[in-house]
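See structure below.
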Amino acid sequence: MKISTPNCDNCVFTEELGRDFNIRQKSQGLAASIKNFIRPSYKLVEAVRSLSMRIGFGEIVGFLGPNGAGKTTTLKMLSGLLFPSRGKLEVLGHSPFSREREFLSQISLVMGQKQNLWWDLPPIETFEIHRSIYNLDEKDFRGRIEELIDMLEISDCLETQTRKLSLGQRMRCELAVSLLHRPKVLFLDEPTIGLDILMQKKIRKFLLDYHARFKPTILLTSHYMDDVAALAKRVIVINNGLKIYDGLLSDLTEKMQPEKIITVILNSETFPKIEIPNVNIVSQESNLFRLKAPRENVGKLAAALYNTGLTIDLTIEDTPLEDIIGNLFTEKSNFQQFRTNV
Ligand SMILES: Nc1ncnc2c1ncn2[C@@H]1O[C@H](COP(=O)(O)OP(=O)(O)O)[C@@H](O)[C@H]1O
Ligand SMILES: [Mg+2]
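Position in the sequence shown counted from 1, then plus 223, gives you this note's numbering.
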């Protein structure tokens, strides 16, 4: 069912979307286990409590949150694998759970921990199967497959049984198969999980190149903040099934991290007089000084230090993005601050 709504500017639209699960309670001890077997008790888990978001066509959005926050459940609802318990939901103007052919042929869900490739077949045969499922024209298929093989550097693993591939090879073949029908929307759930840093970088670069060429809308979850920083300008952060931040990643880092740490080695054990406001010396070990300064003053501070002629070495550090995001869930004050922005 294609829905005609004023949401046509949004590729993804949800309003107070929610999904509950009834989980069977486990019991301790034999007597309780027997009782629970005869009359099982259930507990309601609100995996996604209320989530409203709008994502425009061609955007890349990082979807972040701790384990159990509700990210995978949301992506499953957006791709039509799970029926929502409440709220509104549209992707490309469709109601995902109807799972119409027209809708399914325009989306892809890639899950780092699950696979679309057939375990016993070499990837090239899975590609052929997908060609027939999606009814792709032979010429289009050949062109796309060659392009993807080239971009993902997978020419040497196409004929090998999937079960014998390394995780990195398999993940790149997963991406190839998911992109064969050239989806307009790509849901990526931990696409680089378990991969080494080199392979993570390869996949990141591929996604950037692919996005530059074909401009799909991408909603991406990842535990690796380098993925998010490299790919997404905007992030949506959720916790306990609720949105706690939606905005630019740069705004988030700026607000959550108003200061930077500057480490400077001087050829003097006396710190020079510098007329820059709010610069604090945090520690000193002979001629090595650690300073804290507001982000906006760091450039001026570095210049002033170099101009003294005393500076041997100077480094400027950011709080790692992992810590910034982590703080969103642990620091009550910051949490409150961001709730007001949502
Ligand atoms: N099929 C399911 N049955 C029961 N509970 C589930 C199911 N899927 C997810 N949950 C629960 O919903 C919550 C959110 O899970 P999930 O969406 O996988 O979070 P995330 O992907 O952010 O780690 C968790 O508490 C999880 O245990
Ligand atoms: Mg998940």
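Backbone N, C-alpha and C fix where the C-beta goes; we use that ideal spot for every residue, glycine too.
DSSP state of residue i mapped onto helix, strand, coil
{"i": "His404", "result": "coil"}
{"i": "Gln507", "result": "strand"}
{"i": "Gly281", "result": "coil"}
{"i": "Gln245", "result": "In the sequence under discussion, the amino acid at residue 245 is Asn, which differs from the Gln named in the question. Reduced to three states, the DSSP call for Asn245 is strand."}
{"i": "Asn463", "result": "coil"}
{"i": "Lys258", "result": "helix"}
{"i": "Ile377", "result": "coil"}
{"i": "Arg427", "result": "helix"}
{"i": "Lys496", "result": "coil"}
{"i": "Arg322", "result": "coil"}
{"i": "Val565", "result": "The predicted model places Val565 with a pLDDT of 46, which falls under 50 and marks its position as unreliable; any figure quoted below should be read in that light. Residue state, collapsed to three classes: coil."}
{"i": "Ser273", "result": "strand"}
{"i": "Val333", "result": "strand"}
{"i": "Val314", "result": "strand"}
{"i": "Gly391", "result": "helix"}
{"i": "Asp419", "result": "coil"}
{"i": "Val502", "result": "coil"}
{"i": "Lys299", "result": "helix"}
{"i": "Pro289", "result": "coil"}
{"i": "Gln560", "result": "Because the pLDDT at Gln560 is just 48, under 50, the model does not fix this residue reliably, and the point stays unresolved."}
{"i": "Lys225", "result": "Any reading at Lys225 must be qualified, since the residue scores a pLDDT of 47, below 50, and its modelled position is unreliable; no value is offered."}
{"i": "Leu305", "result": "coil"}
{"i": "Lys515", "result": "strand"}
{"i": "Phe553", "result": "The sequence given here has Thr at residue 553, not Phe. If DSSP states are grouped into helix, strand and coil, Thr553 belongs with the helices."}
{"i": "Leu359", "result": "coil"}
{"i": "Gly366", "result": "helix"}
{"i": "Asp546", "result": "helix"}
{"i": "Thr383", "result": "coil"}
{"i": "Asn490", "result": "coil"}
{"i": "Thr476", "result": "helix"}
{"i": "Thr237", "result": "strand"}
{"i": "Thr531", "result": "coil"}
{"i": "Tyr468", "result": "strand"}
{"i": "Glu397", "result": "helix"}
{"i": "Tyr265", "result": "strand"}
Beta-carbon separation (whole angstroms), residue i vs residue j, contact threshold 8 Å
{"i": "Thr476", "j": "Leu544", "result": "7 Å"}
{"i": "Glu413", "j": "Thr444", "result": "6 Å"}
{"i": "Ile441", "j": "Leu421", "result": "That pair is no contact at about 22 Å."}
{"i": "Leu388", "j": "Cys396", "result": "7 Å"}
{"i": "Ser256", "j": "Ser250", "result": "5 Å"}
{"i": "Leu381", "j": "Pro345", "result": "6 Å"}
{"i": "Pro517", "j": "Asn503", "result": "Incorrect: roughly 10 Å between the Cβ atoms, too far for contact."}
Neighbourhood of residue i by C-beta distance below 6 Å, restricted to the same chain and skipping five residues each side
{"i": "Val268", "result": "Phe244 and Ile246"}
{"i": "Thr228", "result": "Its pLDDT being 47, under 50, Thr228 is placed unreliably by the model, and the measurement read from it follows with that caveat. Once the five neighbours on either side are set aside, Thr228 has no close Cβ partner at all."}
Best match in the options for proximity to residue i [C-alpha to C-alpha]
{"i": "Gln392", "options": "Arg405, Met374 and Val458", "result": "Met374"}
{"i": "Thr295", "options": "Val458, Arg436, Val333 and Leu344", "result": "Val333"}
{"i": "Leu403", "options": "Val451, Gly549, Asp363 and Ile420", "result": "Asp363"}
{"i": "Arg309", "options": "Ile499, Lys249 and Glu238", "result": "Glu238"}
{"i": "Ile548", "options": "Ile368, Ser506, Lys478 and Pro345", "result": "Lys478"}
{"i": "Asp571", "options": "Gln480, Gln336, Ser275 and Asn358", "result": "Look at the range of the chain in this structure, 224 to 565, and you will see that residue 571 is not part of it."}
{"i": "Leu533", "options": "Glu492, Val502 and Ile499", "result": "Glu492"}
{"i": "Ser302", "options": "Asn233, Phe552, Leu315 and Ser509", "result": "Leu315"}
{"i": "Ser273", "options": "Thr297, Phe280, Glu482 and Leu340", "result": "Thr297"}
{"i": "Gln338", "options": "Glu361, Gly291 and Ile416", "result": "Ile416"}
{"i": "Gly464", "options": "Val271, Arg242, Lys258 and Gln248", "result": "Val271"}
{"i": "Ser509", "options": "Val458, Gln423, Asn490 and Trp341", "result": "Asn490"}
{"i": "Leu418", "options": "Tyr447, Tyr433, Ile535 and Gly291", "result": "Tyr447"}
Spatial neighbours of residue i in its chain, beta-carbon cut-off 8 Å, leaving aside the 5 residues before and after
{"i": "Leu431", "result": "Ala453 and Leu454"}
{"i": "Lys456", "result": "Ile283, Leu471, Leu472 and Ser473"}
{"i": "Leu537", "result": "Ile485, Thr486, Val487, Ile488, Ala525, Leu528 and Tyr529"}
{"i": "Glu498", "result": "Ala527"}
{"i": "Val565", "result": "Reliability of the predicted coordinates at Val565 is poor, the pLDDT of 46 falling under 50, and no value is obtained from them."}
{"i": "His427", "result": "Before going further, note that residue 427 is Arg rather than His in the sequence given. Here the set comprises Thr415, Asp449, Asp450, Ala453 and Leu454."}
Beta-carbon proximity list for residue i, same chain, < 7 Å, skipping 5 on both sides
{"i": "Pro406", "result": "Gln329, Ile330, Ser331 and Pro439"}
{"i": "Ile377", "result": "Gln392, Arg395, Cys396 and Ala399"}
{"i": "Gly288", "result": "Lys294, Val460, Ile461 and Asn462"}
{"i": "Val505", "result": "Arg513, Leu514 and Lys515"}
{"i": "Gln336", "result": "Glu413 and Ile416"}
{"i": "Asn233", "result": "Arg277, Ile278 and Gly279"}
{"i": "Val521", "result": "Lys483, Ile485 and Ile539"}
Neighbour flag for residue i against chain C, beta carbons, 8 Å
{"i": "Met300", "result": "Absent here is chain C; the protein component of the structure consists of one chain."}
Residue i: CB within 7 Å of a non-hydrogen atom of ligand 4
{"i": "Asp343", "result": "Because ligand 4 does not appear in the structure shown, any question about it cannot be addressed here, the ligands present being ligand 1 and ligand 2."}
Subject >> Exercise answer, beta-carbon shell around ligand 1 heavy atoms below 6 Å >> reply: Phe244, Ile246, Val268, Ala270, Gly288, Asn290, Gly291, Ala292, Gly293, Lys294, Thr295 and Thr296
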